[in-house]
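Student: Just so we're aligned: 42 in my numbering is position 21 of the sequence shown, and the numbers increase by one with no gaps anywhere. Positions of the beta carbon are idealized from the N, C-alpha and C atoms, including for glycine. Next up is a structure, given as C-alpha cells.
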Amino acid sequence: MSGTRLDQLIKMINQIAINNPCNGDVAASSEVVLGHIRKFWARPMKKDIVAHLEQGGEGLEPAALEAVRTLQAEQNMTAS
Numbered sequence: 022m023s024g025t026r027l028d029q030l031i032k033m034i035n036q037i038a039i040n041n042p043c044n045g046d047v048a049a050s051s052e053v054v055l056g057h058i059r060k061f062w063a064r065p066m067k068k069d070i071v072a073h074l075e076q077g078g079e080g081l082e083p084a085a086l087e088a089v090r091t092l093q094a095e096q097n098m099t100a101s
C-alpha cells in the first residue's frame, strides 16, 4: 500500500471524527465514525486502516483511533 493512499485514509477518517455533531465527546464521536466506516468504506479500506492501527495508528484523532480499534475487534471476531 502506498503512503499516499494511507495518508488519504487517515485524512478521511480524521475529518469524519472532527466534523460530526458529537465532536468533543470521544465515545459518541467514535460511534459516528464507526457507523460511517461500516456503511461507506470498502473492505480494502477497512483492512488498510486496521493494518495502520496494528503498526501504531500514528496520526489518528482519538475518536478515529477508538473507531478503528472497534473495527479491528469486529474483524477479529469474524475471522475466528
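Helix, strand or coil: how does DSSP classify G45 here?
Tutor: For the purposes of this step, residue 45 is identified with residue 24 of the sequence shown, where counting begins at 1. Three-state DSSP puts G45 in coil, outside helix and strand.
Student: By how many angstroms is the C-alpha of N41 removed from the C-alpha of S72?
Tutor: Counting from one through the sequence shown, the residue named residue 72 turns up at place 51. Counting from one through the sequence shown, the residue named residue 41 turns up at place 20. For clarity, residue 72 is Ala in the given sequence; the question names Ser instead. Looking at the two C-alpha atoms, the distance is approximately 24 Å.
Student: Which of helix, strand or coil does DSSP assign to E79?
Tutor: Position 58 of the sequence shown, counted from the first residue, corresponds to residue 79. Here E79 sits in coil by DSSP.
Student: Using the three-state DSSP reduction, which class does L100 fall into: helix, strand or coil?
Tutor: Residue numbering aside, residue 100 sits at position 79 when the sequence shown is read from its first letter. Strictly speaking, residue 100 in this sequence is Ala, with Leu absent from that position. A100: helix per DSSP, three-state reduction.
Student: What is the DSSP secondary structure of A63, counted as helix, strand or coil?
Tutor: Locating residue 63 in the sequence shown gives position 42, counting from the first residue. Of the three classes helix, strand and coil, the one that applies to A63 here is coil, per DSSP.
Student: For N44 and G56, I'd like the C-alpha separation in whole angstroms.
Tutor: Position 23 of the sequence shown, counting from 1, holds the residue named residue 44. Position 35 of the sequence shown, counting from 1, holds the residue named residue 56. So the two alpha carbons sit approximately 15 Å from each other.
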